[in-house]
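So for the sequence shown, numbering that gives the first Met the number 0 puts the first residue at 0; every next one is plus one.
By construction, the Cβ of each residue, glycine as well, lies at the ideal position given by its N, Cα and C atoms.
Worksheet: one structure, shown below.
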Amino acid sequence: MERSDYLQIAIKAAKEAGEFIVERYNSLDEIGFTRKALFDYVTEIDAASEQLIIKTLRNTFPSHRILSEETLKESSSEDEYLWIIDPLDGTTNFIHKYPVFAISIALQYKDEIITGVVYDPLRDELFTAEKGRGAFLNDQRIFVSKRNSIEDAIITTGFPFRAKDRIDDYLEVFKSLFLRCSDLRRAGSAALDLAYTASGRCEGFFELGLSAWDVAAGSLLVKEAGGIVSDFKGGSEYLSTGNIVASTPAIHGIIVDEVQRVFNG
């Protein structure tokens, strides 16, 4: 199959899951949830959304491997294609009816992300990318911001709730960047932070302790929109380390220097 076929199936899966999520959004009092870990929630919506996505992918690509946040394991297939899924990125926001969450679906071939979809079902905003073919928002080509100065930049981030022992280090970076940039934002969905960086709504994003499903699709969006994505050392190991910097080319080095100074990569 051509990559465009991979993208179309990913879009289909994301929209089906998104329709389901929106239907349940107004019935939150009836939704059960459990804690995966302290301050980390999973709802029945996460699980149901995941199953909808996996069913759609399996129907077309039965041999492909799947890695999802809620299953936390890959299939036993040796296929070189791996789908990386977050069925509801921003679960805590969803539970509190804070309207910032998304579905993230990426396809990795060997060690490279080749397809990415981030779908915001409340706003019906569909961010898509294919390697070498650009990034799009609802079929309109998108690019990273043209602002060249850190002083004019809005930088997004996420608090390290999975690595609370690093909070002092994180706050040191936060303070340093806060004093240099136009403003900092923390909305609670890494997938949307990356999508917004790709579409020029903000100039950069950094966070530590994430998982591959948080950033796989969004990282391709940023790259295909003309941005740079790296780990805290400026290298390419952000999927495995969980530490990521994504931004316009103009400010990427500045953010990397700050996080590397504190975290040493």
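Worksheet item: What's the C-alpha gap between G234 and N147?
Response: 22 Å
Discussion item. Using a 10 Å radius around the Cβ and a threshold of 16 neighbouring Cβ atoms, would you call G131 buried or exposed?
Written reply: exposed
Fill in: N-terminal and C-terminal residue of the alpha helix (DSSP H) that S218 is part of
A211 to E223
Worksheet entry | For A189, the nearest candidate out of L176, L183, T155 and Y169 (CA to CA) | T155
Worksheet item: In the structure shown, what three-state DSSP assignment does T59 receive?
Response: helix
Worksheet item: Out of P61, S103, T59 and E124, which has the shortest C-alpha to C-alpha gap to V290?
Response: Past the boundaries of the shown model lies residue 290; the chain is included only from 0 to 264, so the question cannot be answered.
Worksheet entry | Same chain only: Cβ atoms within 7 Å of L37, ignoring 5 sequence neighbours per side | Confidence is the limiting factor: at L37 the pLDDT is only 42, short of 50, which leaves the residue's position unreliable, though a coordinate-based value still follows. Same-chain partners within the cutoff: there are none.
Discussion item. Give me the residue from F204, A13, I65 and Y24 with the minimum Cα distance to F93.
Written reply: Scanning F204, A13, I65 and Y24 for the CA closest to the CA of F93 turns up Y24.
Worksheet item: Whose C-alpha, out of G157, T59 and S67, is nearest the C-alpha of F173?
Response: G157
Worksheet item: Should L209 and G252 be called a contact, given that it needs their Cβ atoms to be closer than 8 Å?
Response: no
Worksheet item: Are the region 135-154 and the region 191-211 in contact at 8 Å, needing three or more beta carbon pairs?
Response: yes
Practice prompt. Determine the closest residue to R64 out of L106, D85, P98 and A12, with distance taken between C-alpha atoms.
Written response: L106
Practice prompt. Output the distance between the C-alpha atoms of G264 and I243, rounded to the nearest integer angstrom.
Written response: Caution is warranted here: a pLDDT of 49 is assigned to G264, below 50, making its placement in the model unreliable, and the coordinate value is therefore given only provisionally. Counting only the Cα atoms, I243 lies some 10 Å from G264.
Worksheet item: Since D192 and I153 are thought to touch, with beta carbons under 8 Å apart, how far apart are those beta carbons, to the nearest angstrom?
Response: About 11 Å; that fails the 8 Å criterion.
Worksheet item: Should Y97 be labelled buried (16 or more other beta-carbon atoms within 10 Å of its own) or exposed?
Response: By the 10 Å Cβ count, Y97 comes out exposed.
Worksheet item: Going along the chain, which residues of its own chain have a beta-carbon closer than 7 Å to the beta-carbon of D168, five neighbours each way excluded?
Response: V261 and F262
Item to complete: List the DSSP bridge partners of D119.
Response: E124
Fill in: Which residues DSSP lists as bridging Y108, in chain order
Y80 and E111
Fill in: Cα-Cα separation, A13 to P61
Going by the C-alpha atoms only, they are around 18 Å apart.
Worksheet item: Taking all protein chains shown into account, do 16 or more other C-beta atoms lie within 10 angstroms of the C-beta of A16, making it buried, or fewer, making it exposed?
Response: Per the 10 Å Cβ criterion, buried.
Discussion item. Between which two residues does the alpha helix (DSSP H) holding T196 run?
Written reply: A189 to A197
Practice prompt. Look at the alpha carbon of A224 and the alpha carbon of A128, and state the distance between them as a whole number of angstroms.
Written response: 9 Å
Fill in: C-alpha gap between P120 and Y80, whole angstroms
Whole-angstrom Cα-Cα distance: 26 Å.
Worksheet item: To which residues of the same chain is I20 closer than 7 Å at the C-beta, ignoring the five residues directly before and after it?
Response: I44, S48, L87 and P120
Item to complete: Please confirm whether A194 and F126 have their CB atoms less than 8 Å apart.
Response: yes
Practice prompt. Take R165 as the anchor and find which of K109, L178 and E206 has the nearest alpha-carbon.
Written response: Considering only alpha carbons, the answer is E206.
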